[in-house]
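Undergrad: Here it is, the structure, as structure tokens.
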Amino acid sequence: MNKGFLHSLLAALAALAALVPSSQIRAAEEITLYTQRHYEFDESVHRLFTEKTGIVVKVVKAASDELIVRLQEEGANTPADLYMTADGGGLDRAKKAGLLQPFSSKVIEEKVPATLRDPDSEWVALTKRARVLIYSPERVKPGELSTYEDLADPKWRGRLVARSSSNIYNQSLMTTVIEANGAEASGAWAASVRKNMVRPPQGGDRDQIRAVSSGLADVAISNTYYLGLLETSEDQSDRDAAAAVKVFFPNQEGRGAHVNISGAGIVKSSKKAALATQFLEFLLSDEIQSMYTVKTMEYPVSETAKWSETQLKWGKFTADDVAFSVLGDRNAEAVRLFNKAGWE
Ligand code: FE2
529 MNKGFLHSLL AALAALAALV PSSQIRAAEE ITLYTQRHYE FDESVHRLFT EKTGIVVKVV
589 KAASDELIVR LQEEGANTPA DLYMTADGGG LDRAKKAGLL QPFSSKVIEE KVPATLRDPD
649 SEWVALTKRA RVLIYSPERV KPGELSTYED LADPKWRGRL VARSSSNIYN QSLMTTVIEA
709 NGAEASGAWA ASVRKNMVRP PQGGDRDQIR AVSSGLADVA ISNTYYLGLL ETSEDQSDRD
769 AAAAVKVFFP NQEGRGAHVN ISGAGIVKSS KKAALATQFL EFLLSDEIQS MYTVKTMEYP
829 VSETAKWSET QLKWGKFTAD DVAFSVLGDR NAEAVRLFNK AGWE
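Per my numbering, the sequence shown starts with residue 529, numbered consecutively.
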């Protein structure tokens, strides 16, 4: 290569560089996300965010309370910028442990109803999930189902399935039962529901739905989106299982069905609050909110995002509007009552 050519090549490159915004030639920016969420779809959302903004999302996955312990141990040295859970109680506990910082965003305030944001702006819900009853229309008569409380009735003996009480979804449901009925009645409720189960708690929500479709049980406690994931599974046996059951939203005459949230907050020591806020705004855009309704089958929190066909088929319902701080505050009590009731 001759010198003249090299010089003109360098000059051309310099001219080109001047045309590229500096944000695009800086080293790739990145944010670190500590998350309890375990859905493949989340990874494609992170890739979309990187394509759009150049910001890379590094992910650490663990249970919500494990992540809280990790944040406490790492203190100001934590690499984490965001803490994300699949449970409103976890967000509340992280806030009360002083692990989050307030953030402000007009976009988020406009998109998300105030009941789905922390009053001190330390976390925001990203999706909603309803914990409902999944039943066999062949073996459960119309009118037999009514409330969570009714699952304690002896008519359900040998007909119920549910996962372990060590699962945060059941613990959060239990906090709402305690809030509505008091500790003593809730402990008795849990003992009777456990007695009505056809087998000791085992597996995840999908396994409870499968137990109903296979004829082992008549009613399961599950989040709706697991039914949606079975409906859209690549596995024919999953699709058959989903086709054999129906959704029932309990407590429609009273406080409403238990709705939990998946959400996130910005870690207190993060120096990247602006990038982290940008990420949250992206997750709350109608584009991504609508994708959740189809891909993870969770409900959107943005009021302008549409429900999926599957969600519309399950139907509109009344949701329990108990404060998410109750889920956090009453968690230890819920665990204690479950243990005492013998619900493993
Ligand atoms: Fe889940």
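Glycine included, every Cβ here is placed at the ideal spot set by N, Cα and C.
(1) Comparing the CB of Ala614 with every heavy atom of the ligand NAD, is any distance shorter than 8 Å?
(2) Helix, strand or coil: how does DSSP classify Ser592 here?
(3) Out of curiosity, what's the CA-to-CA distance linking Thr578 and Glu809?
(4) Whole angstroms is fine: what's the gap from Leu661's alpha carbon to Asp620's?
(5) Would the C-beta of Asp733 count as close to the ligand FE2, meaning under 8 Å from any of its heavy atoms?
(6) If you measure between the beta carbons of His574 and Val588, is that distance less than 9 Å?
(7) Inspect the beta-carbon positions of Phe807 and Leu561 and report whether they are closer than 9 Å.
(8) With burial defined as no fewer than 16 other Cβ atoms inside 10 Å of the residue's Cβ, what is the status of Arg685: buried or exposed?
(9) Quick check on the DSSP output: the beta strand (DSSP E) that includes Ser692 runs from which residue to which?
(10) With DSSP as the reference, label Tyr754 as helix, strand or coil.
(11) Among Gly618, Thr655, Arg734 and Ala860, whose alpha-carbon lies nearest the alpha-carbon of Ala770?
(12) Helix, strand or coil for Ser551? Go by DSSP, reduced to three states.
(13) For the stretch 792-807 against the stretch 693-708, are there 3 or more C-beta pairs whose distance is under 8 Å?
(14) Where does Phe776 fall in DSSP's three states?
(15) Helix or strand or just coil, what does DSSP make of Ser790?
(16) Using CA atoms only, rank isn't needed, just tell me which of Tyr663, Asp848 and Leu758 is closest to Gly782.
(17) Go ahead and pull the three-state DSSP assignment for Met612.
(18) Measuring alpha carbon to alpha carbon, tell me which residue in Trp842, Ser830, Ala622 and Asp857 is nearest Ala642.
TA: Result, derived from the coordinates:
(1) Absent from the structure shown: the ligand NAD. Ligands present: the ligand FE2.
(2) DSSP places Ser592 in helix when its eight states are reduced to three.
(3) Answer to the nearest angstrom: the Cα atoms are 14 Å apart.
(4) If you take the alpha carbons of Leu661 and Asp620, they lie about 26 Å apart.
(5) True, at least one ligand heavy atom lies under 8 Å from that Cβ.
(6) Not in contact: His574 and Val588 (Cβ atoms no closer than 9 Å).
(7) Less than 9 Å divides the Cβ of Phe807 from the Cβ of Leu561.
(8) Around the Cβ of Arg685, a 10 Å sphere holds fewer than 16 other Cβ atoms; the residue is exposed.
(9) Counting along the chain, no beta strand (DSSP E) covers Ser692, and no H or E run does either.
(10) Tyr754 sits in a helix when the DSSP states are folded into three classes.
(11) Check the Cα spacing between Ala770 and each of Gly618, Thr655, Arg734 and Ala860: the tightest is with Arg734.
(12) Because the pLDDT at Ser551 is just 48, under 50, the model does not fix this residue reliably, and the point stays unresolved.
(13) Result no; under three Cβ-Cβ pairs closer than 8 Å.
(14) Strand.
(15) Strand.
(16) Ranking the options by Cα distance to Gly782, first place goes to Asp848.
(17) The DSSP-derived three-state label of Met612 is strand.
(18) Of Trp842, Ser830, Ala622 and Asp857, the residue nearest in Cα terms is Ser830.
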